[in-house]
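**Student:**
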Amino acid sequence: MKIAYWYKKHNAVPLADAMVDAFNRAGIDSYLLEDELQDDTDLVVSVGGDGTVLSLVHKLAFAHLPVLAINGGSTGFLTQDYGDLDQLASRLLDGDYTLVPKRLLGVYPEDGEEWLALGDVAICRKDAVTAVSVDVSVDGEHVFAFRGDGVVVATPLGSTGYSLSAGGVPMAPSVDALAVTPLAPHSLCVRPFVVSPDACIRLEASARDGLCVALDGKVVLTGSDVRLNVSASDKWLQMIQFDNKYFEKLTDKLATW
12 MKIAYWYKKH NAVPLADAMV DAFNRAGIDS YLLEDELQDD TDLVVSVGGD GTVLSLVHKL
72 AFAHLPVLAI NGGSTGFLTQ DYGDLDQLAS RLLDGDYTLV PKRLLGVYPE DGEEWLALGD
132 VAICRKDAVT AVSVDVSVDG EHVFAFRGDG VVVATPLGST GYSLSAGGVP MAPSVDALAV
192 TPLAPHSLCV RPFVVSPDAC IRLEASARDG LCVALDGKVV LTGSDVRLNV SASDKWLQMI
252 QFDNKYFEKL TDKLATW
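Residue numbers (the numbering used here): 12 to 268.
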């Protein structure tokens, strides 16, 4: 077995080194992912927090390899805590885990390009002064227009991130849907809602002093006017999971701050 691993922050180095030692004891080949995946790589391990997982997925350009996220960060909602690294290595060798498919988000700007996100796409203002004018439609039917800080569309995996902090609802992993969450709308009638993955969400936004579009927290576009179509992609990411205690994790990670 060959495993690639990756981390972003120096505080993850001790955990990564200990994990590599455990892999060596189990006879697993491993290497630090730098530019490209080596041939015959079986899976990729992210060591860090949620931001590390999201960065890794984009670094891999959504390659068709299972991803294991080991928590070396703080909140770590997308990651798993695993203290016994020798047991971890043994379970990976034995295939003693579950592959959980995560549907990706497809984002389509006017030029016809396709962007992919694992968690969410956000349109938000560039400064702290100018409001963003947002217009939202679903399958050609107008939903609402408002002025505020912007809007987020999230997958179930991304629903516990920016969307949740803006008042959106967390969606269980078994739910196949998309959540649309307005950011600080200056209206009593504009509220988050959930749509089918087959729906086409049309987002039109403008701001006098500029706005930005971010995929999984990374800015990919800036400008004064943005028009995007958003829908669930037909592409999936396979994540390695050792337990299935979603609501326990939801409480532990998000209800005890």
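Built from N, CA and C at the ideal position, the CB exists for glycine as well.
For Ala177, which residues in the same chain have their Cβ closer than 6 angstroms to its Cβ, ignoring the five residues on either side in sequence?
**Tutor:** Counting from 1 along the sequence shown, the entry for residue 177 is found at position 166. Answer for Ala177: Thr192 and Leu194, listed in chain order.
**Student:** With a 10 Å radius around its C-beta and 16 neighbouring C-beta atoms as the bar for buried, classify Gly123 as buried or exposed.
**Tutor:** As a first step, residue 123 is located in the sequence shown; it is residue number 112 there, counting from the start. The residue is exposed, with fewer than 16 neighbouring Cβ atoms inside 10 Å.
**Student:** How long is the line joining the alpha carbons of Leu115 and Glu152, rounded to whole angstroms?
**Tutor:** Position 104 of the sequence shown holds residue 115. Position 141 of the sequence shown holds residue 152. Whole-angstrom Cα-Cα distance: 24 angstroms.
**Student:** At the level of alpha carbons, what is the spacing between Leu110 and Leu43?
**Tutor:** Residue mapping note: residue 110 aligns to position 99 of the sequence shown, counting from 1. Residue mapping note: residue 43 aligns to position 32 of the sequence shown, counting from 1. The alpha-carbon atoms of Leu110 and Leu43 are separated by roughly 23 angstroms.
**Student:** May I ask you to report which of helix, strand or coil DSSP gives Glu259?
**Tutor:** Taking the sequence shown and counting its residues from 1, one reaches residue 259 at position 248. Residue state, collapsed to three classes: helix.
**Student:** If you follow the beta strand (DSSP E) that Arg158 is in, where does it begin and where does it stop?
**Tutor:** Here residue 158 refers to the residue found at position 147 of the sequence shown. Its beta strand (DSSP E) spans residues Glu152 to Gly159.
**Student:** If you draw a straight line from the C-alpha of Trp268 to the C-alpha of Val186, how long is it?
**Tutor:** For the purposes of this step, residue 268 is identified with residue 257 of the sequence shown, where counting begins at 1. For the purposes of this step, residue 186 is identified with residue 175 of the sequence shown, where counting begins at 1. Unreliable positioning characterises Trp268 in this predicted model, as indicated by a pLDDT of 49, which lies under 50. The coordinate reading is nonetheless provided below. Taking the straight line from one Cα to the other gives about 26 angstroms.
**Student:** Unbroken beta strand (DSSP E) runs of length 3 or more, entirely within the region 167-201: which are they?
**Tutor:** Here the runs fully enclosed are 189-194.
**Student:** Please look up how many angstroms separate the CB atoms of Ala190 and Ile134, rounded, as I've assumed it's under 8 angstroms.
**Tutor:** Here the question's residue 190 lines up with position 179 in the sequence shown. Here the question's residue 134 lines up with position 123 in the sequence shown. Contact doesn't hold; Cβ gap of about 15 angstroms is too wide.
**Student:** In terms of alpha-carbon separation, which member of Leu104, Asp105, Val118 and Leu129 lies closest to Pro112?
**Tutor:** Within the sequence shown, numbered from 1, the residue matching residue 112 stands at position 101. Looking at the Cα atoms, Leu129 is the closest of the given residues.
**Student:** Can you tell me which of Thr63, Ser148 and Asp227 puts its alpha carbon nearest to the alpha carbon of Trp126?
**Tutor:** Position 115 of the sequence shown holds residue 126. The option with the nearest alpha carbon to Trp126 is Asp227.
**Student:** The beta strand (DSSP E) that contains Met12, what's its start and end?
**Tutor:** Along the sequence shown, one-based indexing puts residue 12 at 1. Segment: none, Met12 is in no beta strand (DSSP E) and carries neither H nor E.
**Student:** Under a three-way DSSP split, which group does Leu76 fall into?
**Tutor:** Numbered from 1 along the sequence shown, position 65 holds the residue referred to as residue 76. Coil, per DSSP.
**Student:** Nearest to Gly161 by alpha carbon, out of Pro203, Arg36, Val180 and Glu121?
**Tutor:** Within the sequence shown, the letter at position 150 stands for residue 161. For Gly161, the nearest C-alpha among the options comes from Pro203.
**Student:** Count the other CB atoms, across all protein chains shown, that sit within 10 Å of the CB of Asp245; report buried if there are 16 or more and exposed otherwise.
**Tutor:** Here residue 245 corresponds to residue number 234 of the sequence shown, with the count starting at 1. Asp245 is exposed by the Cβ-count criterion.
**Student:** So which of Arg219, Tyr173, Cys223 and Arg102 has the shortest CA-CA distance to Asp254?
**Tutor:** As a position in the sequence shown, residue 254 is number 243, starting the count at 1. When only C-alpha atoms are compared, the closest one is Arg102.
**Student:** Taking the alpha-carbon of Ser66 as reference, which of Leu54, Asp53, Ala80 and His75 has the nearest alpha-carbon?
**Tutor:** What you label residue 66 is simply residue 55 of the sequence shown in a count that begins at 1. When only C-alpha atoms are compared, the closest one is Ala80.
**Student:** Please report the distance separating the alpha-carbon of Tyr173 from that of Val163.
**Tutor:** As a first step, residue 173 is located in the sequence shown; it is residue number 162 there, counting from the start. As a first step, residue 163 is located in the sequence shown; it is residue number 152 there, counting from the start. Spanning the two alpha carbons is a distance of roughly 8 angstroms.
**Student:** Count Cβ pairs between the region 89-106 and the region 131-146 that sit closer than 8 angstroms; are there 3 or more?
**Tutor:** The region 89-106 is not in contact with the region 131-146.
**Student:** Consult DSSP for Ala216 and reduce its assignment to one of helix, strand or coil.
**Tutor:** Locating residue 216 in the sequence shown gives position 205, where the first residue counts as 1. In the structure shown, Ala216 sits in a strand (DSSP, three-state: E or B).
**Student:** If I measure Cβ to Cβ from Ala218 and keep anything under 8 angstroms in the same chain, skipping five residues before and after, which residues do I get?
**Tutor:** By 1-based counting over the sequence shown, the position of residue 218 is 207. Hits under 8 angstroms: Arg136, Lys137, Thr141, Ala142, Val143, Ser144 and Ser235.
**Student:** Quick one: what's Gly109 bridged to in DSSP?
**Tutor:** Taking the sequence shown and counting its residues from 1, the one referred to as residue 109 is at position 98. The question names Gly, but residue 109 in the sequence shown is Thr. In the DSSP output, where bridge partners are listed per residue, Thr109 has Gln252.
**Student:** In or out: Phe157 buried (at least 16 other Cβ within 10 Å) or exposed?
**Tutor:** If you number the sequence shown from 1, residue 157 lands on position 146. Classification of Phe157: buried, given that the 10 Å Cβ count is 16 or more.
**Student:** Would a C-beta distance cut-off of 8 angstroms place Gly83 and Gly60 closer than the cut-off?
**Tutor:** For the purposes of this step, residue 83 is taken as residue 72 along the sequence shown, with counting starting at 1. For the purposes of this step, residue 60 is taken as residue 49 along the sequence shown, with counting starting at 1. Yes, these two residues count as a Cβ contact at 8 angstroms.
**Student:** So for Pro208, helix, strand or coil by DSSP?
**Tutor:** If you number the sequence shown from 1, residue 208 lands on position 197. Here Pro208 sits in coil by DSSP.
**Student:** Grab me the residues of Leu48's own chain with a C-beta within less than 8 angstroms of its C-beta, minus the 5 sequence neighbours each way, in chain order.
**Tutor:** Reading the sequence shown from its first residue, position 37 is the one you call residue 48. If we look at Leu48 and ignore the five residues flanking it on each side, its Cβ neighbours are Ala15, Val55, Leu71, Ala74 and Leu76.
**Student:** Report yes if the CB atom of Thr166 is closer than 8 angstroms to the CB atom of Pro181, and no otherwise.
**Tutor:** Counting from one through the sequence shown, the residue named residue 166 turns up at place 155. Counting from one through the sequence shown, the residue named residue 181 turns up at place 170. No; because the gap between Cβ atoms is not below 8 angstroms, this pair is not in contact.
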